[in-house]
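Under UniProt numbering, the first residue of the sequence shown carries the number 1, and numbering increases by one thereafter. Beta carbons: idealized from backbone N, C-alpha and C, even for Gly. All values reported here derive from a predicted model rather than from experimental measurement. To start, the structure under review is shown below, and the notes come after it.
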Amino acid sequence: MDLTPRIDYFGNFDPTRVPSPCFVVDERALRDNLAVLADVQQRSGAKVLAALKAFSMWSTGPIVAEYLSGTCASGLHEAKLGYEEYGGRDGKEVHVFSAGYKESELKEILQFAHHVIFNSFSQWKRFKGQCLQAQKDRPELRFGLRINPEHSEGHTELYDPCAPCSRLGIVRSLFDGEDLDGISGLHFHTLCEQDFKPLERTIAAVEEKFGDLIPQMEWINFGGGHHITRCDYQVDELVNAVRAFSDKHQVQVYLEPGEAISLFAGVLVAEVVDISWNGQNQAILDASATCHMPDVLEMPYRPEITGAARPGELPHDYRLGGQSCLAGDSIGDYSFNDPLRVGDRLVFEEMAYYTMVKTNTFNGIPLPAIALWNSRTDELKIVREFGYEDFKNRLSGKDWKNLGRSTGEEEDGCA
Numbered sequence: 001m002d003l004t005p006r007i008d009y010f011g012n013f014d015p016t017r018v019p020s021p022c023f024v025v026d027e028r029a030l031r032d033n034l035a036v037l038a039d040v041q042q043r044s045g046a047k048v049l050a051a052l053k054a055f056s057m058w059s060t061g062p063i064v065a066e067y068l069s070g071t072c073a074s075g076l077h078e079a080k081l082g083y084e085e086y087g088g089r090d091g092k093e094v095h096v097f098s099a100g101y102k103e104s105e106l107k108e109i110l111q112f113a114h115h116v117i118f119n120s121f122s123q124w125k126r127f128k129g130q131c132l133q134a135q136k137d138r139p140e141l142r143f144g145l146r147i148n149p150e151h152s153e154g155h156t157e158l159y160d161p162c163a164p165c166s167r168l169g170i171v172r173s174l175f176d177g178e179d180l181d182g183i184s185g186l187h188f189h190t191l192c193e194q195d196f197k198p199l200e201r202t203i204a205a206v207e208e209k210f211g212d213l214i215p216q217m218e219w220i221n222f223g224g225g226h227h228i229t230r231c232d233y234q235v236d237e238l239v240n241a242v243r244a245f246s247d248k249h250q251v252q253v254y255l256e257p258g259e260a261i262s263l264f265a266g267v268l269v270a271e272v273v274d275i276s277w278n279g280q281n282q283a284i285l286d287a288s289a290t291c292h293m294p295d296v297l298e299m300p301y302r303p304e305i306t307g308a309a310r311p312g313e314l315p316h317d318y319r320l321g322g323q324s325c326l327a328g329d330s331i332g333d334y335s336f337n338d339p340l341r342v343g344d345r346l347v348f349e350e351m352a353y354y355t356m357v358k359t360n361t362f363n364g365i366p367l368p369a370i371a372l373w374n375s376r377t378d379e380l381k382i383v384r385e386f387g388y389e390d391f392k393n394r395l396s397g398k399d400w401k402n403l404g405r406s407t408g409e410e411e412d413g414c415a
């Protein structure tokens, strides 16, 4: 797997130009990725959707909408974002899948979404009447089912939708005896940051298990996890496979890349706030693994830092950690050419996809600012900064004191 960017986008970026911590997204890199995806879309006939679960910095929504057919969402709020900020109002498609819809959520989704995909027959049967009624008012509405081909390609069980007893997707045996009236498509998702060969094997598994159902469908969604914008991805093989599948089955194919949208397009700038020693050199940063890059702990993985190396490869070793009280808030062990000093800026690479969307304010630690930079023009915009009010208002509303007495207080006559 070659994770070397086609261009060293951030090679000339000055991290002191932004507040710290700060996510910085390069518009040029984003457009380069989107151009690759638009080419796949044009040559293969597939419709490519941006998976907002991976990257939902909606200030870039108009840019994404220039290249792709729409967005896919994992629930109401992402769907609304796609509709409002990624061209949904102007005809771009909005697709939604949820492991389980609440009735109130689905009622709203049916007002603007194009494809609504269900995770079980029980959910489809429960809401079928409501869905078909909405379709009468909006004939463009389509409904699908997520299938589980029981074919695992994932390397990490946490991210494997086809792991044994997965809650995601319907296995083939559960289709026996079911009425598919109203269902026009099938959706599968088995990959996570992988190249074409795992998709090729998955397509074969889908055709083997669900081949008798495909002729009844108008569309098949190949899901996400496709690393299409990686330098060594087999783009031509993907194009040929999609065209062959579409021609063979006479269906519209959809692709839902997530990480491929912003691959190589984002970094996280952090600052050293303290240097200490406890058996080894320690550096405390204003960026936290648990708050700002939780996949470091969950997956786990070791993010790369520009100019740093593995322990022992360069003269000065440090264990990097965050400001939180979590003992395990450790980003990893690194070596540097020069000793670290308080105030030094570090640049963590590959911090756009599946990182910005997962941040939290544990311990009241501030969220990183967000900046949009263009490596071609050097234009820099600070899109958002976060402060105390953002933390305070997460768990209680600004006006909660004016909401009146609780029911219990009224009954007890408490003042």
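Assuming the contact rule is C-beta atoms closer than 8 Å, residue i and residue j should be a hit. Round their C-beta distance to whole Å, please.
i, j, result
"Leu285", "Leu346", "7 Å"
"Leu263", "Arg310", "Contact doesn't hold; Cβ gap of about 23 Å is too wide."
"Asp295", "Tyr354", "6 Å"
"Val40", "Val171", "So it is not a contact: roughly 30 Å between Cβ atoms."
"Leu110", "Gly82", "With 8 Å as the limit, Leu110 and Gly82 do not qualify as a contact, their Cβ atoms being about 15 Å apart."
"Ala204", "His227", "Rounded, the Cβ-Cβ distance is 19 Å, inconsistent with contact."
"Val383", "Ser184", "So it is not a contact: roughly 38 Å between Cβ atoms."
For residue i, collect the residues of the same chain with a Cβ closer than 6 Å to its Cβ; drop the 5 residues on either side in sequence, then sort them by chain order.
i, result
"Ser375", "Tyr9, Asp26, Arg28"
"Asp90", "none"
"Cys131", "Phe143"
"Arg201", "none"
Going by DSSP, which residues form a beta bridge with residue i?
i, result
"Tyr318", "Tyr334"
"Val48", "Leu255"
"Gln250", "In DSSP, Gln250 forms no bridge with anything."
"Trp277", "Asn281"
"residue 447", "Because the chain in this structure spans residues 1 to 415, residue 447 falls outside the shown range and cannot be described."
"Phe25", "The sequence shown places Val at residue 25, not Phe. Note: Val25 sits in a beta bridge opposite Gly266, Leu372."
"Arg146", "His187"
"Asn221", "His187, Tyr254"
"Arg384", "Ile370"
"Val116", "Val96, Phe143"
"Val347", "Val269"
"Cys72", "Ala51, His95"
"Ile170", "Ile147"
"Ile305", "Phe348"
"Gln194", "His226"
What's the call for residue i, buried or exposed, on a 16-neighbour Cβ count within 10 Å?
i, result
"His316", "exposed"
"His187", "buried"
"Glu379", "exposed"
"Asp195", "buried"
"Phe13", "buried"
"Ser56", "buried"
"Asn33", "buried"
"Met1", "exposed"
"Arg6", "exposed"
"Ala35", "exposed"
"Thr4", "exposed"
"Trp400", "exposed"
"Asn402", "exposed"
"His77", "exposed"
Return the chain-ordered list of same chain residues with a C-beta closer than 7 Å to the C-beta of residue i, the five sequence neighbours on each side being excluded.
i, result
"Lys128", "Gly182"
"Arg243", "Ser44, Gly45"
"Ala79", "Ala73, Val94, Val96, Ile109, Ala113"
"Thr377", "none"
Apart from the five residues on each side of it in sequence, which residues of its chain come closer than 8 Å, Cβ to Cβ, to residue i?
i, result
"Ser396", "none"
Would you check if there are 3 or more beta carbon pairs closer than 8 Å linking the segment 254 to 269 to the segment 316 to 331?
-> no
Decide yes or no for the touch test of the segment 253 to 265 against the segment 213 to 223: beta carbon pairs closer than 8 Å, at least 3 of them.
-> yes
Stretch pair the segment 298 to 309 + the segment 384 to 396: three plus CB contacts closer than 8 Å = no
Touch check for the segment 317 to 326 and the segment 14 to 22: three-plus C-beta pairs under 8 Å?
-> no
Counting Cβ pairs, one atom from each stretch, are 3 or more of them under 8 Å apart for the segment 271 to 280 and the segment 333 to 345?
-> yes
For the segment 161 to 180 against the segment 129 to 142, are there 3 or more C-beta pairs whose distance is under 8 Å?
-> no
Okay, do the segment 88 to 105 and the segment 64 to 77 touch, 3+ Cβ pairs below 8 Å being the bar?
-> yes
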